[in-house]
């Protein structure tokens, strides 16, 4: 088991899936965890006390991200790790280029690429002076192969 006592992580997508699991394991390892998701906070985080901060909002809203990062930084005093796990794959709307709705395309890019990039931009100034800081950016298997 890793020991993250005294460290703070910011985890997106903490309302479910990989982001939820990463946030849960970081909390179990002693980290303070700021969590961001559009979904409601999972009930399992309610009993985590002062080491958990859940901020509900949209990662495509840069004003929200600025406020969330500022609040998490103020609450924990530092941001050591950034975990970008939020993302979407809308099977019913993600179509081939011939049939795609470019408003949907733009929304997917905003969620999957621009939101995480904006978070990196906001977190780096808080992480740069700590040589043990790190970022992890999740993607899907779609990065390796296409669909039919």
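Numbering (my numbering), first residue to last: -12 to 135. Cβ atoms here follow ideal geometry from the backbone N, Cα and C, with glycine treated the same way.
Check this for me: beta carbons of residue 47 and residue 102, under 7 Å apart or not?
Within the chain shown, numbered from 1, the residue matching residue 47 stands at position 60. Within the chain shown, numbered from 1, the residue matching residue 102 stands at position 115. Against a cut-off of 7 Å, the Cβ pair of residue 102 and residue 47 comes out as a contact.
Taking the alpha-carbon of residue 22 as reference, which of 62, 77, 88 has the nearest alpha-carbon?
Taking the first residue of the chain shown as position 1, residue 22 is located at position 35. Minimum Cα-Cα distance from residue 22 among the listed residues 62, 77, 88 corresponds to 62.
Going straight from the alpha carbon of residue 67 to that of residue 86, what length do you get?
To locate residue 67, count along the chain shown from 1; it is residue 80. To locate residue 86, count along the chain shown from 1; it is residue 99. Cα-Cα distance, rounded: 42 Å.
Could you tell me the alpha carbon to alpha carbon distance between residue 104 and residue 55, rounded to whole angstroms?
The residue given as residue 104 occupies position 117 in the chain shown. The residue given as residue 55 occupies position 68 in the chain shown. So the two alpha carbons sit approximately 15 Å from each other.
Quick test of your reading: residue 24 and residue 43, contact by CB under 8 Å. State the CB separation rounded to the nearest angstrom.
Your numbering for residue 24 matches position 37 in the chain shown. Your numbering for residue 43 matches position 56 in the chain shown. Their Cβ separation, rounded to whole angstroms, is 6 Å, which keeps residue 24 and residue 43 in contact under 8 Å.
Would residue -5 and residue 72 be called neighbours here (beta carbons separated by less than 7 Å)?
Within the chain shown, the letter at position 8 stands for residue -5. Within the chain shown, the letter at position 85 stands for residue 72. Not in contact: residue -5 and residue 72 (Cβ atoms no closer than 7 Å).
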